[in-house]
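Worksheet: the structure to be examined is printed underneath.
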Amino acid sequence: MDATTDMPASGIPQGREQEYRDGISPCDCGIPVMYTLHTCRHCVHLKKFLEDNGVVHTLVYVDDFADPARRSLMDALRGFNPRGSFPTLVLPNGKFVVGFRESIIRELLHIES
Numbered sequence: 011m012d013a014t015t016d017m018p019a020s021g022i023p024q025g026r027e028q029e030y031r032d033g034i035s036p037c038d039c040g041i042p043v044m045y046t047l048h049t050c051r052h053c054v055h056l057k058k059f060l061e062d063n064g065v066v067h068t069l070v071y072v073d074d075f076a077d078p079a080r081r082s083l084m085d086a087l088r089g090f091n092p093r094g095s096f097p098t099l100v101l102p103n104g105k106f107v108v109g110f111r112e113s114i115i116r117e118l119l120h121i122e123s
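11 is the number of the first residue of the sequence shown in our numbering; add one for each residue after it.
Right under this line is the structure:
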């Protein structure tokens with residue numbers, strides 16, 4: 011643990027190991043994975059949309075992790091979205107959506123308007 015931040019040397023906050031694993035291998039967890047930041051307004055809108063439509067999903071708050079874990083999460087994110095922008099929603103089938111694009115998300119998740 012880092013004495014100044016109580017962050018393990020791995021950069022993974024205690025109790026957040028599963029969130030980290032889902033972020034590293036988003037297609038393996040069987041539900042959509044949303045890479046997000048606490049300060050991202052588009053992320054807030056996408057999260058609300060998913061919740062309002064009953065979509066079970068995992069949130070990976072990248073800004074809660076420190077290096078080297080944060081770097082690894084960003085590398086995994088850039089495997090889908092080379093710009094590394096937020097939000098990025100990755101589906102179990104490997105398809106992904108960058109940003110809050112409601113019509114595309116509805117189509118991919120089979121959510122009626």
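By construction, the Cβ of each residue, glycine as well, lies at the ideal position given by its N, Cα and C atoms.
In the three-state reduction of the DSSP assignment, residue 90 falls in the coil class. No residue range can be given for residue 101, since it is assigned to no beta strand (DSSP E) and is classified by DSSP as neither H nor E. Exposed is the label assigned to residue 41, since fewer than 16 other Cβ atoms lie within 10 Å of its Cβ.
If you ignore the 5 residues before and after residue 74, its C-beta comes within less than 8 Å of the C-beta of 23, 26, 48, all in its own chain and listed in chain order. Beta-bridge pairing by DSSP links residue 49 to no other residue.
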